[in-house]
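Numbering (my numbering), first residue to last: 1 to 452.
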């Protein structure tokens, strides 16, 4: 309630807005499909694959285009600029846009939706990128694929076995091979073994599931999002259009109105433009991209004070939202521990396993909970697995008390990352992730009980 009172003092209801008309758009000759979590309603991106007459492949990345109906200073723009992003929490979400606007532009299955599309031609055998073409058009969305049903079919094991007995198997396999090429070209190929946790809350009962990060689904989505965000950022800079970029030099991730390298991602420039239904920076950047493609004046010219105001406001509010999401995840972790404790007979202690990050800082194995365990023996190396007894919890200050029980295995001493950098979340987020930026913090994904 404190968060809502401080950040939404007028309540969560939206004022009435009227979407602007936009020009009739050509229909793209594609049947696109999206890949999202089962509860996602703000579907920002979709993909298509087609064979060209010359034998090469044409890969389409199609981004929902709310900028068409919400130009600068329109009613819809003012609402989005106030909220700046969607906020997710167990059991509900606070959307950036009203439901009427979301439904007008989300890439729902069966719809013919306005989209900002980038087409990438790749060589048939090597998958080398040959050229790019961007269009503003309408796109038929043939399917909304969902993680929970797709991942058992499309994963490293089925790819290795050559199993193609599911919808879009050949397209996904091609995109997987392309994603590997793109990742390697950035110099960032790795074997990410971190785990994302999903919270499902029903009648105050917490169910946790987890999935390994870096799966083929994650790689396909994240690499194609990195590609379009890099390329559109470069095109804006080449045409003299300012935008809001994410840059990283010397380890620090910053936001800037000038294109600059993002060292963590290994790209010459990087902007957020692929989540315009959920993030205001993306919506603003999409206006710039569409104007550039139409040979129109930039809605936000150089040195426009609105650019700097948006950058400052977003940077501040993004931090507030993420802090709130982390607190909510920690709260539901403690509630889960209470549930587990309630299963035990009177007098029994709840025993949990954790891994040493450094000194007495540990991360639990079953849930994404990091805390200090002062009773640990001194100088345990990082990555040591220990057993702890839960001796107390406080849901107000979100603390947990434990007692050391045993060492389960000795660690290697290699430092563990208890707080992933913004670079690492940039690498994954835009968009599997819904998971790394807007839908969640770097450690967990919250599944809403009631999909709006």
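Each residue gets a CB set at the ideal place from its N, CA and C atoms; glycine is no exception.
query                                                                                                              : result
Extent of the continuous beta strand (DSSP E) to which residue 135 belongs                                         : 129-146
From 391, 397 and 414, residue whose alpha carbon lies closest to that of residue 405                              : 391
Bridge partner(s) assigned by DSSP for residue 36                                                                  : 146
Meets three-Cβ-pair contact criterion under 8 angstroms: the stretch 60-78 and the stretch 221-231                 : yes
Length-filtered (4 minimum) alpha helix (DSSP H) runs lying within the stretch 29-108                              : 75-83 and 99-105
Reduced DSSP category for residue 288 - H, G, I as helix; E, B as strand; rest coil                                : helix
beta-carbon residue 117 near the ligand ZN non-hydrogen atom, thresh 6 angstroms                                   : You won't find the ligand ZN in this model; it holds no ligand whatsoever.
Buried versus exposed call for residue 345 [16 or more other C-beta atoms within 10 Å across all chains shown]     : exposed
Touch test, the stretch 140-148 against the stretch 232-239, Cβ-Cβ under 8 angstroms, three pairs minimum          : no
Residue(s) in a DSSP beta bridge with residue 320                                                                  : Partner(s): none; residue 320 has no beta bridge.
Beta strand (DSSP E) runs wholly inside the stretch 224-296, at least 3 long, in chain order                       : 245-249 and 252-256
Of the listed residues 375, 356 and 396, nearest to residue 413 (C-alpha basis)                                    : 356
N- and C-terminal bounds of the alpha helix (DSSP H) containing residue 156                                        : 156-161
Cβ neighbours of residue 95 in the same chain (closer than 6 angstroms, five flanking residues each side left out) : 86
Outcome for residue 47 when other beta-carbon atoms lying within 10 angstroms are tallied against a minimum of 16  : buried
Terminal residues of the beta strand (DSSP E) in which residue 387 lies                                            : 385-394
Sequence-distant residues of its chain with Cβ nearer than 7 angstroms to residue 5 (five each side left out)      : none
Inter-residue Cα distance where the pair is residue 35 and residue 131                                             : 24 angstroms
Presumed contact (8 angstroms Cβ cut-off) between residue 59 and residue 150, rounded CB distance                  : Not confirmed; about 18 angstroms, so no contact.
Alpha carbon of residue 170 to alpha carbon of residue 50, nearest angstrom                                        : 11 angstroms
Rounded straight-line distance, which links the Cα of residue 25 to that of residue 206                            : 46 angstroms
Three CB pairs or more closer than 8 angstroms across the stretch 357-374 and the stretch 310-324                  : no
Residue from 135, 262, 202 and 199 whose Cα sits closest to the Cα of residue 294                                  : 135
Candidates 353, 336, 20 and 42, of which the one nearest residue 204 by Cα                                         : 336
Alpha-carbon spacing of residue 422 relative to residue 292, whole angstroms                                       : For residue 422, the predicted model reports a pLDDT of 35, less than 50, meaning its position is unreliable; a value from the coordinates is still stated below. Answer to the nearest angstrom: the Cα atoms are 29 angstroms apart.
First and last residue of the uninterrupted alpha helix (DSSP H) at residue 5                                      : 2-7
Meets three-Cβ-pair contact criterion under 8 angstroms: the stretch 261-271 and the stretch 172-188               : yes
CB contact flag (residue 201, residue 90, <7 angstroms)                                                            : yes
Whether residue 80 touches residue 97 by CB criterion (7 angstroms)                                                : yes
Simplified DSSP assignment, three categories, for residue 16                                                       : coil
Residue 245 burial status per 10 Å Cβ neighbour count (16 or more: buried)                                         : buried
Residues that DSSP places opposite residue 120 in a beta bridge                                                    : 59 and 132
Status (buried if at least 16 other CB within 10 Å, exposed otherwise) for residue 374                             : exposed
Start and end residues, beta strand (DSSP E) containing residue 172                                                : Premise fails: residue 172 lies in the alpha helix (DSSP H), 169-185, not in any beta strand (DSSP E).
Residues sharing a beta bridge with residue 112, DSSP                                                              : 140
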